[in-house]
Amino acid sequence: MSSEPPIDDVTDDDIEVTHSKAWAAGVPGVLHSLQPAVTGMGALRGMRALLSMNQKDGFDCMSCAWPDPGQRKAFEFCENGAKAVTWEATPITIPASFWAEHSLADLREKSEYWLGMQGRLVEPVHKPAGSDHYRPVSWPEAFRVIAAKLNALDSPDQAAFYTSGRASNEAAFAYQLFARAYGTNNLPDCSNMCHESTGWAMGQTVGIGKSTVSYDDFAKADLIIIMGQNPGTNHPRMLTALEEAKDAGARIVAVNPLPEAGLRRYKNPQRVRGIIGHGTDIADQFLQIRIGGDMALLQAVSKRVLDAETCAPGTVLDQAFLDEHCQGLPELRQHLAQLDEGMVLAATGLRAAQIDELAERYLTADRVIITWAMGLTQQKKGVDTIKEIINLLLLRGNIGKPGAGASPIRGHSNVQGDRTMGIWEQMPPAFLDALQQEFGFNPPREHGVDSVDGVRAMRDGTMKVWMGLGGNFVAAMSDTGIAEAAMARTEMSVQISTKLNRSHAVTGEEALILPTLGRTEIDEQASGEQFVSVEDSVCAVHPSWGKLKPVSPNLLSEVAIISRLASAVLKDKVAVDWAGFEADYDRIRDHIAHVVGGCENYNERIRREGGFVLPNGPRDSRTFDTPTGKALLTTNTLEHLEVPPGRLVLQTLRSHDQFNTTIYGLDDRYRGIKKGRHVIFINKKDLSALGFADGDLVDVHSEFSDNVDRVLRGYRLVAYPTPRGCAAAYYPEANVLVPLDSVADDSNTPVSKAVIIRLEPAG
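For the sequence shown, position 697 (counting from the first letter as 1) is numbered 697 according to full-length UniProt numbering, and the numbering increases by one without interruption.
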């Protein structure tokens, strides 16, 4: 990674555009995994880290939440996981002199890539009000400054406690306990910006906002439908599970606007055929859908299923399952009978024959998994689209049996565990009641702010303090200009972090950075070496042990930081043994066992080989925690996204050399982009129709009802096989184009997959 040129020195003329790849992984994936680890950490430290990752006695990968198989391989990691470890476990540290040499104004001119490459944070730093520089401070001084500010606020609701999905279960539980003991439910998190739509849709229809499948179900499926995701970049280990499913006879359908390499062919580097052979063809059918057309496609397939039942009564639907476990079938049947096929074809950009083929695949499969990610959740109708997934699965009983179910794929390592531990601004009364019984104080009952409403509160001056446990909020958030201006209006911002990012440069009037141990590092406390626990995308909870010597003896763990800060702020306000939490994480887990449903005997169960799996009613017993006790088939109004003439609809996406807002390098190997990120992918015919050519430089303006001019300047046009009328650009840079008020219905998730844009020649 260190061989990459600094992104700040790269101009549009340096960007190289080659052909996109037709397959993923293989020998290049191995080389791109090992070379950065060896050069960035050294051979011994690098190999020790990689061989410990995702092993039963090792540490959990800090990138995606893809589950681990029961039988682990020696190299149980992917290219992006190796990059994540290299990025975190680098021995390079930021010297004390750095803070005098670099003002905040200087840091704001740097890229995410440059900031991340400066090395690990190893000392607390404080930016006093009126200063443009951080200065090193002691840990006691840092906690004193934060406690004084929090205790001076007029109301606890003037503070927010944001959480990234990388925090452990133990840290997340302690963090939410601190926030609620302080007096607020302002607990926004990264899930607000990614899978919140999933939680809302599945919670309302099947009673739980989590996957209803296990890892082993993929190899038992007859059909797997992959929607709105790019496994080859965002969770590459999923490709191995898909290959195993293909070996067992499954068929796979990919539904995505872009023809991603990982959905076409996978060359498994741990198999001979992946090294010297053709590899495995993944998708048997690829539906290149227009952005926002997924809901129309799902309704069209469900209608074909119902029509097939009408033609052959008693042979298509799982009527016994529907009668016993579901409600809403007559209403759904009546609603879909009115579906406009012309509107479906316009919304999807597909041919009727393609939809017929998908429907036939579904009808002839006994066990079906539908899996999705942010391509669906970040749409205006994201909640309703996922409800349509549930409708389709329920019609033929594809929930609660082996090889079948709903499978949302979380993009961050423990974002699902954080929510289980109480990181949510809207935790149900039962959880709050359990907290009250366990700790003897009455938690606040009013809902707090989520990420979008948190920005609004900062913008409006009602949110005075913003604290982040990990993450890079101002870069991850939509409407970058408003988000950064809002953060600058706060009186104090606090970041608990391992490395520098944009959120350390865009701060409140006063700011602190608290450096923390990484997940790869040994966590030694008073009672001995500690481990933490995490929950993956299929509700499996397992331990994670750091294996590397910390890069500095001055670092504190996340649990230690939270515990010391809570003690400084709360004093004797609540009867919580914060010092005991820091000394022995078993004490936190004992409380988790009493408060969090399904976590009984936590300390005993987490020490079993492989950990344990949380209960899941739809998966385990076909029971549904809804008001009626049944799964709900829902009727959802289809709305076709209208794009004005001369405009395009944009989606944001990751490059292959990044994880969330962290930029590992400047290449997107699978899409053929090198040495830069300032590109926008557009269909060649759209380029011609709009009067542009491949390689032209343009300013990209988004259009929204508030008439604010949001713009990306000097972006290079790249002719690419997108659907007509659609475009794509890299996140987080393109977040500036996503209006703060453009959110998904119900879930309030930023609509990053339906941004109306116009192109103008670069100024």
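From the three backbone atoms N, C-alpha and C, an ideal C-beta is built for every residue, glycine too.
Since this is a predicted model, take the numbers as computed values, not measurements.
>> Considering only the alpha carbon of each residue, which of L641, F704, S20 lies closest to T722?
In response: S20
>> Once DSSP output is grouped into helix, strand and coil, what is the label at E244?
In response: helix
>> Which same chain residues end up closer than 8 Å to residue 782 when comparing Cβ atoms and leaving out the 5 residues on each side of it in sequence?
In response: In the structure as shown, the chain begins at 1 and stops at 763. Residue 782 is therefore absent and cannot be evaluated.
> Near L393, which residues of its chain fall below 8 Å by C-beta distance, leaving aside the five closest residues on each side in sequence?
Replying inline: V368, I370, I399, A404, G405, A406
> Hey, how far is the Cα of residue 795 from the Cα of K573?
Replying inline: In the structure displayed, the chain extends from 1 to 763; residue 795 sits before or after that span and is not available.
> In the DSSP assignment, what residue or residues form a beta bridge with L712?
Replying inline: V700
>> Between R647, V679, H412, Q327, which has its C-alpha nearest N192's C-alpha?
In response: H412
> Would you call I757 buried or exposed, if buried means 16 or more other Cβ atoms sit within 10 Å of its Cβ?
Replying inline: buried
> Smallest Cα separation from W23: which of R671, R564, V718, N151?
Replying inline: R671
> The alpha helix (DSSP H) with L517 in it runs from where to where?
Replying inline: First-last for L517: undefined, no H or E at that position.
> Alpha carbon to alpha carbon, what distance is there between L690 and V305?
Replying inline: 40 Å
> Should W372 and S747 be called a contact, given that it needs their Cβ atoms to be closer than 9 Å?
Replying inline: no
> Would DSSP call I482 helix, strand or coil?
Replying inline: helix
>> Helix, strand or coil, according to DSSP, for S3 in the structure here?
In response: Here S3 scores only 30 on pLDDT, less than 50, and its place in the model should not be relied on; the value that follows carries that caveat. Correct three-state label for S3: coil.
> So the alpha helix (DSSP H) G528 belongs to, where does it begin and stop?
Replying inline: Per DSSP, G528 belongs to no alpha helix (DSSP H); it is in the beta strand (DSSP E), 528-530.
> Hey, E510 and A129: beta-carbon distance below 9 Å or not?
Replying inline: yes
> Under the DSSP definition of a beta bridge, which residues are partnered with K674?
Replying inline: E16
> Quick one: complete beta strand (DSSP E) runs, 3+ long, within the stretch 398-473?
Replying inline: 405-408, 465-469
> What is the rounded straight-line gap between the Cα of I663 and the Cα of S111?
Replying inline: 9 Å
> From which residue to which residue does the beta strand (DSSP E) around D523 run?
Replying inline: 523-525
>> Contact between the stretch 525-538 and the stretch 139-156 is defined here as three or more beta-carbon pairs at a separation below 8 Å; is this criterion met?
In response: no
> Taking the continuous beta strand (DSSP E) assigned at S302, which residues delimit it?
Replying inline: That residue, S302, is in no beta strand (DSSP E); its alpha helix (DSSP H) goes 294-311.
> In its own chain, which residues sit with a C-beta less than 7 Å from the C-beta of D741, not counting the 5 before and 5 after it?
Replying inline: D706
> In chain order, what residues of the same chain have a beta carbon less than 7 Å from the beta carbon of K687, not counting five sequence neighbours either side?
Replying inline: At residue 687 the sequence reads Leu, which differs from the Lys that was named. Correct list, in chain order: A693, D694, L717, A719.
> Along the chain, which unbroken stretches of the alpha helix (DSSP H) at least 4 residues long are found entirely within the stretch 337-369?
Replying inline: 341-348, 352-364
> By how many angstroms is the C-alpha of E558 removed from the C-alpha of L469?
Replying inline: 8 Å
> Which ranges would you report for the beta strand (DSSP E) in the stretch 549-597 if only whole runs of at least 3 residues count?
Replying inline: none
> What whole-angstrom Cβ distance do R265 and D247 have, given they're in contact under 8 Å?
Replying inline: About 14 Å; that fails the 8 Å criterion.
> If you scan the stretch 168-196 from start to end, which runs of the alpha helix (DSSP H) of 4 or more residues do you find wholly inside it?
Replying inline: 169-182
> Any idea if C311 is buried or exposed, counting beta-carbon neighbours within 10 angstroms, 16 or more meaning buried?
Replying inline: exposed
>> Please return the same chain residues whose Cβ sits closer than 7 Å to the Cβ of Q354, not counting the five positions on each side in sequence.
In response: L287
>> In the DSSP assignment, the alpha helix (DSSP H) including Y602 goes from what residue to what residue?
In response: 602-606
> When the Cβ atoms of the stretch 421-429 are set against those of the stretch 612-626, are three or more pairs found closer than 8 Å?
Replying inline: no
> For residue 767, does the three-state DSSP call read helix, strand or coil?
Replying inline: Residue 767 is absent from the model: the chain starts at 1 and stops at 763.
>> Quick check on the DSSP output: the beta strand (DSSP E) that includes I680 runs from which residue to which?
In response: 679-682
> Just the Cα atoms here: how many angstroms apart are R622 and G629?
Replying inline: 10 Å
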